[in-house]
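First to last, the protein sequences are chains A and B. First residue of the first sequence? That's 5 in this note's numbering, and the numbers climb one at a time after it. First residue of the second sequence? That's 5 in this note's numbering, and the numbers climb one at a time after it. Backbone N, C-alpha and C define an ideal beta-carbon position, used for all residues, glycine too. The model shown is predicted, which means the values in this text are computed figures rather than measured ones.
Protein chains: 2
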Amino acid sequence: MMPDHVDYLVRKISAFVDLSAQDMSDLSDLQSTPIEVKKGREIVHEGQAGQSAYIIHDGWACSFKLLSDGGRQIITFPIPGDCVGLRSILLRTSDHSFSALTDTVVSRIQAVRMRELFKDVPRLGAAILWAASRDEAMVVEHLVSIGRRSAMERTAHLLLELYDRLHIVGLADKGAFACPLSQNVLADALGLSTIHVNRVLRQLRERGLVTVKNQTVVIEDMPATKMLAGYLNRDDGAFPG
Amino acid sequence: MMPDHVDYLVRKISAFVDLSAQDMSDLSDLQSTPIEVKKGREIVHEGQAGQSAYIIHDGWACSFKLLSDGGRQIITFPIPGDCVGLRSILLRTSDHSFSALTDTVVSRIQAVRMRELFKDVPRLGAAILWAASRDEAMVVEHLVSIGRRSAMERTAHLLLELYDRLHIVGLADKGAFACPLSQNVLADALGLSTIHVNRVLRQLRERGLVTVKNQTVVIEDMPATKMLAGYLNRDDGAFPG
DNA sequence: CGGGAGCTTGATGGACCTCAATCCCTGTGG
DNA sequence: CCACAGGGATTGAGGTCCATCAAGCTCCCG
Numbered sequence: 005m006m007p008d009h010v011d012y013l014v015r016k017i018s019a020f021v022d023l024s025a026q027d028m029s030d031l032s033d034l035q036s037t038p039i040e041v042k043k044g045r046e047i048v049h050e051g052q053a054g055q056s057a058y059i060i061h062d063g064w065a066c067s068f069k070l071l072s073d074g075g076r077q078i079i080t081f082p083i084p085g086d087c088v089g090l091r092s093i094l095l096r097t098s099d100h101s102f103s104a105l106t107d108t109v110v111s112r113i114q115a116v117r118m119r120e121l122f123k124d125v126p127r128l129g130a131a132i133l134w135a136a137s138r139d140e141a142m143v144v145e146h147l148v149s150i151g152r153r154s155a156m157e158r159t160a161h162l163l164l165e166l167y168d169r170l171h172i173v174g175l176a177d178k179g180a181f182a183c184p185l186s187q188n189v190l191a192d193a194l195g196l197s198t199i200h201v202n203r204v205l206r207q208l209r210e211r212g213l214v215t216v217k218n219q220t221v222v223i224e225d226m227p228a229t230k231m232l233a234g235y236l237n238r239d240d241g242a243f244p245g
Numbered sequence: 005m006m007p008d009h010v011d012y013l014v015r016k017i018s019a020f021v022d023l024s025a026q027d028m029s030d031l032s033d034l035q036s037t038p039i040e041v042k043k044g045r046e047i048v049h050e051g052q053a054g055q056s057a058y059i060i061h062d063g064w065a066c067s068f069k070l071l072s073d074g075g076r077q078i079i080t081f082p083i084p085g086d087c088v089g090l091r092s093i094l095l096r097t098s099d100h101s102f103s104a105l106t107d108t109v110v111s112r113i114q115a116v117r118m119r120e121l122f123k124d125v126p127r128l129g130a131a132i133l134w135a136a137s138r139d140e141a142m143v144v145e146h147l148v149s150i151g152r153r154s155a156m157e158r159t160a161h162l163l164l165e166l167y168d169r170l171h172i173v174g175l176a177d178k179g180a181f182a183c184p185l186s187q188n189v190l191a192d193a194l195g196l197s198t199i200h201v202n203r204v205l206r207q208l209r210e211r212g213l214v215t216v217k218n219q220t221v222v223i224e225d226m227p228a229t230k231m232l233a234g235y236l237n238r239d240d241g242a243f244p245g
């Protein structure tokens with residue numbers, strides 16, 4: 005049964021695959037029993053034996069690992085329409101934690117349901133795998149950023165990537181989007197200190213590239229920002245379904 | 005037909021799943037038509053439309069991305085038994101390049117064969133997905149290293165991870181393994197300069213932790229090195245097949 | 001013997017971190 | 001209504017880690 009709010013998963017998959025009404029219904033069915041998660045609460049804890057994945061319905065999350073010295077590295081920011089913890093269905097334990105950055109609504113997906121979907125509607129199963137595959141590619145890009153790009157380049161790169169992802173599900177437009185990430189959180193994603201993130205954001209503002217204020221990101225000069233970040237327009241090719 | 009040399013893929017999967025003789029045979033069949041790739045040659049180029057993945061049979065490879073300023077970030081070092089470019093079967097174009105670090109023998113896997121395997125022997129398909137899933141987890145760990153660990157920690161971490169992976173396929177033992185990686189290549193993997201890698205390796209040697217000489221890595225003090233690197237013993241749980 | 005690729009070491013500089021202080025905004029309780 | 005607390009943003013000063021530049025080394029191979 006279709007939930008009464010916008011179904012971002014359907015929106016996201018639709019951006020790449022033509023879905024029949026039946027497909028959409030099947031996808032929506034997957035996401036039964038919405039659960040509310042309060043800001044700051046963990047959705048999945050590293051090492052937790054969970055035979056289920058989650059779909060983000062509303063709100064922002066982050067996946068991360070903690071280090072023994074108290075440091076934290078954020079891997080990705082799952083947004084509405086994204087799947088979380090797909091890997092924990094295969095590996096028995098999740099290899100990193102997820103927590104909610106804002107009040108969030110998620111849906112649990114039982115491993116069993118997922119396997120049924122793969123068997124009964126392989127086309128949709130492939131589409132989900134395909135989406136997961138894109139996410140994986142983003143992690144790689146993130147790795148490249150942290151390894152070989154300067155602080156400013158990688159900050160710009162992250163903001164551009166968030167914009168594109170949010171745009172796909174209709175949560176960003178005209179270079180602007182609502183962004184609940186504090187400088188502290190950004191720092192943990194970028195492998196920088198909070199203070200340095202602040203300085204970098206100031207420079208981006210002073211150069212007329214990007215402004216971040218009031219939980220809102222505005223990319224003022226899209227071409228120049230992409231140039232600075234070395235951000236290529238994504239071409240994932242058509243879905244080979 | 006079973007190739008006449010050791011089948012590292014079978015060895016690797018066997019480490020986690022009980023394989024029947026039939027399973028092993030099916031796996032080996034997947035890897036027909038071995039191809040030799042000379043040191044330094046590319047196996048898959050980024051953006052190349054390839055409907056096939058590869059299995060490394062013998063030798064070392066690396067997957068990497070190039071930046072516009074000439075920089076390079078190495079993502080992983082595929083070793084015998086590893087799959088390469090599985091993602092390029094889903095996304096039509098590969099999102100990063102692969103090249104051979106030594107003379108290498110690989111086997112092509114047609115996308116079609118792969119899909120057949122998933123349909124006809126889902127158990128083996130799941131096992132391959134599971135192995136791919138472990139690889140993904142390693143990329144995440146690598147991301148954490150580069151983002152939040154010091155040069156020495158991440159260098160030690162990489163060497164430990166290589167040791168564990170090689171040990172699984174029988175190419176490392178007693179803390180030692182043959183390693184064809186130059187300091188330059190290590191630097192591109194670790195997000196460091198070649199020169200700094202040199203200094204870090206010297207420190208690791210002077211502290212009696214790890215020695216790297218003559219293409220050979222010896223982890224002299226395993227517990228202390230793991231302590232330094234914050235390297236946790238992997239527990240992927242049992243294969244839920 | 002000459003050349004090249006990789007390793008080694010020193011000196012200098014820059015990118016980024018850490019510590020410390022101030023400011024702003026919002027929410028909360030007296 | 002105001003005092004206060006607390007999280008986040010901002011700015012400065014000083015220090016560290018690592019990059020860059022420059023040079024010499026070793027080893028292998030032609």
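When the distance is taken between beta carbons, is B:Thr229 closer than 8 Å to B:Leu164?
Going by C-beta atoms, B:Leu164 is nearer than 8 Å to B:Thr229.
If the cut is a Cβ gap below 9 Å, which residues of chain A does B:Asp86 touch?
Counting only Cβ-Cβ distances below 9 Å, B:Asp86 has no contacts in chain A at all, with the closest Cβ about 16 Å away.
Is the separation between the beta-carbon of A:Val148 and that of B:Gln77 shorter than 8 Å?
Their beta carbons are under 8 Å apart, which means A:Val148 touches B:Gln77 by this criterion.
CB-CB length for B:Ile59 against B:Ile93, believed under 8 Å:
Taking the Cβ atoms as the reference, B:Ile59 lies roughly 13 Å from B:Ile93, outside the contact range of under 8 Å.
Is DSSP giving B:Ala65 helix, strand or coil here?
When DSSP states are grouped into helix, strand and coil, B:Ala65 belongs to the strand group.
Return the CA-CA distance between A:Glu50 and A:Phe102, expressed in angstroms with no decimal places.
A:Glu50 and A:Phe102: Cα-Cα distance of roughly 8 Å.
When the cut-off is 8 Å and only beta carbons count, does B:Ser186 lie next to chain A?
Not a single CB atom of chain A sits nearer than 8 Å to the CB of B:Ser186.
Applying a beta-carbon distance threshold of less than 7 Å, which residues of chain B neighbour A:Val144?
Per Cβ cutoff of 7 Å: Ile79, Asp99, His100 and Val143.
Let's see if you can read the secondary structure: which residues bound the beta strand (DSSP E) around B:Glu46?
Annotation for B:Glu46: the continuous beta strand (DSSP E) segment containing it runs Glu46 to Val48.
In angstroms, rounded to a whole number, what distance separates the CA positions of B:Val14 and A:Arg158?
In this structure, the alpha-carbon of B:Val14 lies about 40 Å from that of A:Arg158.
Below 6 Å CB to CB, which residues in the same chain sit around A:Gly195 once its five sequence neighbours on both sides are set aside?
Excluding sequence neighbours, A:Gly195 sits near Ile150.
Whole-angstrom C-beta distance between A:Ala104 and A:Val41, which should lie under 8 Å:
With a Cβ gap of about 4 Å, A:Val41 and A:Ala104 count as contacting.
Chain A residues whose Cβ lies nearer than 8 Å to that of B:Gly74
Result: empty, since nearest Cβ-Cβ is about 10 Å, beyond 8 Å.
From which residue to which residue does the alpha helix (DSSP H) around B:Glu165 run?
In the DSSP assignment, B:Glu165 falls within the alpha helix (DSSP H) that extends over Ala155 to Ile172.
Counting only Cβ pairs nearer than 7 Å, list the residues of chain B close to A:Gly151.
Near A:Gly151 (Cβ distances below 7 Å), the residues of chain B are Gln77, Ile150 and Gly195.
Where B:Thr198 and A:Leu236 are concerned, what is the direct C-alpha to C-alpha distance, given to the nearest angstrom?
Going by the C-alpha atoms only, they are around 27 Å apart.
Going by beta carbon distance, what residues of the same chain come within less than 8 Å of B:Leu121, once the five residues before and after it are set aside?
Same-chain partners within the cutoff: Asp30, Leu34, Leu128, Gly129 and Ile132.
Can the beta-carbon of A:Ser32 be found closer than 8 Å to that of A:Asp62?
For the 8 Å CB-CB criterion, A:Ser32 and A:Asp62 do not form a contact.
Neighbour flag for B:Trp134 against chain A, beta carbons, 8 Å:
Under the 8 Å criterion on CB atoms, B:Trp134 is classed as interfacial with respect to chain A.
Out of B:Ser154, B:Arg96, B:Asp22 and B:Met226, which has the shortest C-alpha to C-alpha gap to B:Val204?
With distances taken between Cα atoms, B:Val204 lies closest to B:Ser154.
Check the Cβ-Cβ distances between B:Leu147 and every residue of chain A, and say whether any is below 8 Å.
Interface with chain A (8 Å Cβ-Cβ cutoff): B:Leu147 is included.
Would you mind giving the Cβ-Cβ distance between A:Glu224 and A:Leu213, rounded to the nearest angstrom? I have them listed as a contact below 8 Å.
About 6 Å; that satisfies the 8 Å criterion.
Determine, for B:Arg158, whether the minimum Cβ-Cβ distance to residues of chain A falls below 8 Å.
With a threshold of 8 Å between beta carbons, B:Arg158 makes no contact with chain A.
For A:Ala136 versus A:Leu170, is the C-beta distance shorter than 8 Å?
Taking C-beta atoms as the reference points, A:Ala136 and A:Leu170 fail to come closer than 8 Å.
Any chance you could list the beta strand (DSSP E) runs of at least 3 consecutive residues sitting entirely within the segment 173-241 of chain B, in chain order?
Runs of the beta strand (DSSP E) inside the segment 173-241 of chain B: 180-182, 214-217 and 220-223.
On the DSSP bridge list, what partners appear for A:Ala19?
In the DSSP secondary-structure assignment, A:Ala19 is not bridged to any residue.
Any beta-carbon of chain A closer than 8 Å to the one on B:Leu163?
Contact of B:Leu163 with chain A is not assigned, every C-beta pair being separated by 8 Å or more.
Find out if the Cβ-Cβ distance for the pair B:Ala65, B:Pro82 is shorter than 8 Å.
Yes, the pair counts as a contact, with Cβ atoms nearer than the cut-off.
Can you say whether A:Ala160 is buried or exposed, counting buried as having 16 or more other CB atoms within 10 angstroms of its CB?
Taking every protein chain shown into account, the CB of A:Ala160 has 16 or more other CB atoms within 10 angstroms, so this residue is buried.
Going by C-alpha distance, which of B:Asp73, B:Val109, B:Met142 and B:Ser111 is nearest A:Ser98?
Of the candidates B:Asp73, B:Val109, B:Met142 and B:Ser111, B:Met142 places its Cα closest to the Cα of A:Ser98.
At which residues does the beta strand (DSSP E) containing A:Phe102 begin and terminate?
Taken as a continuous stretch (DSSP letters only), the beta strand (DSSP E) holding A:Phe102 covers Ser101 to Ala104.
Please classify B:Lys16 as buried or exposed, where buried requires at least 16 neighbouring CB atoms within 10 angstroms.
By the neighbour-count rule (16 or more Cβ atoms within 10 Å), B:Lys16 is buried.
Would you report the Cα separation of A:Phe20 and B:Asn218, rounded to the nearest angstrom?
A:Phe20 and B:Asn218 have their C-alpha atoms spaced approximately 50 Å apart.
For a contact defined as C-beta to C-beta under 8 Å, what are the partners of A:Thr137 on chain B?
First, the amino acid is wrong: residue 137 of chain A is Ser here, not Thr. Ordered by position in chain B, the residues that pass the 8 Å Cβ test against A:Ser137 are Arg91, Leu94 and Leu95.
Give the secondary structure of A:Ser111 by DSSP, where H, G and I count as helix, E and B as strand, and everything else as coil.
DSSP places A:Ser111 in strand when its eight states are reduced to three.
In whole angstroms, give me the CA-to-CA distance for A:Thr106 and A:Glu46.
So the alpha carbons of these two residues sit roughly 11 Å apart.
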